[in-house]
Amino acid sequence: MPTPHLLNDIDQQLADWLAQRKLPAFRAKQIRHWLFAGRVEGFSEMSNLPKKLQEELAESFSLETAEMTRHTEAEDGTEKLLLTLAGGGQIECVLLRDRHRRTLCISTQVGCGMGCVFCASGLDGVDRNLTTGEILEQVFLLQRRLSPDERVSHLVVMGMGEPLANLGALLPALDQIAREDGLGISHRRITISTVGLPKAIRRLADLDTRYRLAISLHAPTDELRDQIVPVNKKMPLADILDAADYYFDHSGRRLTFEYVLLADLNDQPAHAHGLVKLLTGRTALVNVIPYNPVAGLPYATPSPAAQETFQRILESGGLAVRFRHRKGDKINAACGQLRRSQAGLPIAQN
Ligand code: SAH
909 MPTPHLLNDI DQQLADWLAQ RKLPAFRAKQ IRHWLFAGRV EGFSEMSNLP KKLQEELAES
969 FSLETAEMTR HTEAEDGTEK LLLTLAGGGQ IECVLLRDRH RRTLCISTQV GCGMGCVFCA
1029 SGLDGVDRNL TTGEILEQVF LLQRRLSPDE RVSHLVVMGM GEPLANLGAL LPALDQIARE
1089 DGLGISHRRI TISTVGLPKA IRRLADLDTR YRLAISLHAP TDELRDQIVP VNKKMPLADI
1149 LDAADYYFDH SGRRLTFEYV LLADLNDQPA HAHGLVKLLT GRTALVNVIP YNPVAGLPYA
1209 TPSPAAQETF QRILESGGLA VRFRHRKGDK INAACGQLRR SQAGLPIAQN
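Taking my numbering, the leading residue of the sequence shown gets 909, the next gets one more, and so forth.
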């Protein structure tokens, strides 16, 4: 029998466990401190705990259930981990270094059920949701890649999977990450990226968590979005934008709309004008991401000229725009690509 994963519910499990043994409650605080600030791998490194306590904890709980199958590091400091989960299944997580920023990108599901036509993560559908513990493990593994003087500053839920399809496991994990006695990352530095599930967006707004929300738009009309993001057929743009506005009204956070630029498909001037029309009047940032090609898929990155034209139209239309400079391409850092390369599947054309 595997032992319970401590990271699935750190506080409750520790409180119960300590109470059963009539041990002082302050031990929980010490253990939390080792986990979040001490960056330890196991209980045996928690040096201010009695040896016997360390051993009993190790017998009672698991802390690390995922195995690091592959680690890649790019010249710009981007590090990517491929993890194999207990019981099989692989996920990816990434550490991005950009000047003073240290951003972690984490996964929420094995695979993805949304089926966006250009994305490597969803090619084989979704296997299962990650647990809270598996989500936090990624954070701890990535954090240990940092040198002692580096500190996590941002977190993005933009890895494999649809985060709003696994809110039950994600929210407790994010809560730990945000808490002062956790990683202490402010809510406005935590971004959840979603394909745009209106009900779940409203639920998130009502919960008043005030994380940043990024919505993967990829098209200015339902007609085009139906082709690129299949779930759009059930959840049209108007519903998504209504939910997004609701989120903005409740959270006060500027919305982000992500737009993966696919050559000839959604990168024409008419699409840019359509986007201006659709988003004008909203407090929003448009995050344009030139496509990172996935081999076997018939999509390509637009030419630099097409990218520039697209950007100019958005900007002269008055939208706040960020063209995300690509990081980690060389190590297959785009969604789901490392997993495919490990499985011997084709990954990238360039
Ligand atoms: N399911 C969520 C989060 C995961 S993907 C969502 O849809 O937002 C995070 C972002 O990366 C999404 O905007 C997604 O469309 C984009 N993405 C996926 N594969 C990509 C690729 N090959 N090149 C560029 N962006 C990609």
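Note that beta-carbon positions come from the ideal geometry of N, C-alpha and C, so glycine has one too.
CB-CB length for residue i against residue j, believed under 8 Å
| i | j | result |
| --- | --- | --- |
| F1026 | V1139 | About 14 Å; that fails the 8 Å criterion. |
| R1133 | L1115 | In fact, because the Cβ distance is near 27 Å, the residues do not count as touching under 8 Å. |
| F1165 | A1192 | 6 Å |
| A1081 | T1040 | 5 Å |
| T1102 | G1182 | So it is not a contact: roughly 21 Å between Cβ atoms. |
| M954 | Q938 | 7 Å |
| I1098 | A1086 | 6 Å |
For residue j and residue i, the rounded distance between their alpha carbons
| i | j | result |
| --- | --- | --- |
| D919 | R1036 | 25 Å |
| A1122 | V1194 | 9 Å |
| P901 | F1156 | Past the boundaries of the shown model lies residue 901; the chain is included only from 909 to 1258, so the question cannot be answered. |
| T1188 | P912 | 49 Å |
| N916 | R1120 | 23 Å |
| S970 | D1006 | 33 Å |
| Q998 | L991 | 5 Å |
| G1033 | M1022 | 8 Å |
| V1060 | I1014 | 13 Å |
| L1072 | A1108 | 6 Å |
| R1009 | G1076 | 28 Å |
| L1038 | E987 | 21 Å |
| D984 | V1002 | 13 Å |
| Q921 | S968 | 10 Å |
| C1024 | L943 | 36 Å |
| H941 | L926 | 16 Å |
| E1052 | E1045 | Residue identity differs from the one stated: residue 1052 is Arg in this sequence, not Glu. About 11 Å. |
| G946 | P1210 | 45 Å |
Same chain, Cβ closer than 8 Å to residue i, neighbours up to 5 away in sequence not counted
| i | result |
| --- | --- |
| A923 | A933 and A936 |
| H1158 | A1113, D1114 and D1116 |
Sub-8 Å separation of residue i and residue j beta-carbons
| i | j | result |
| --- | --- | --- |
| L1125 | Y1167 | yes |
| M1066 | G1019 | no |
| I1148 | G1104 | yes |
| R1162 | R1118 | no |
| E963 | E949 | no |
| V1196 | F1231 | yes |
| L1063 | L989 | no |
| Y1154 | R1111 | no |
| A1127 | N1174 | yes |
Close beta carbons around residue i, own chain, < 6 Å, minus the five adjacent residues each side
| i | result |
| --- | --- |
| L965 | F951 |
| Q1257 | Because Q1257 carries a pLDDT of 31, less than 50, the predicted location of this residue cannot be relied on, and the following value inherits that uncertainty. Cβ within range, chain order: P1201 and A1203. |
Contacts around residue i, its chain only, beta-carbon distance under 7 Å, and the 5 residues preceding and following it disregarded
| i | result |
| --- | --- |
| L1170 | F1026, Y1199 and Y1207 |
| M1143 | G1104, L1105 and P1106 |
| I1043 | I1014, T1016, A1077, L1078 and A1081 |
Practice problem: Scan the segment 1114-1175 and note each continuous beta strand (DSSP E) run of 3 residues or more that stays entirely inside, going in chain order. | Solution: As far as the segment 1114-1175 is concerned, its whole beta strand (DSSP E) runs of at least 3 residues are 1120-1124 and 1163-1169.
Quiz prompt | Within the segment 1027-1087, ranges of the beta strand (DSSP E) (whole runs, at least 3 residues) | solution = 1034-1037 and 1062-1065
Quiz item: Counting only runs that start and end within the segment 1203-1233, where is the alpha helix (DSSP H) found for 4 or more residues in a row?
Solution: 1212-1224
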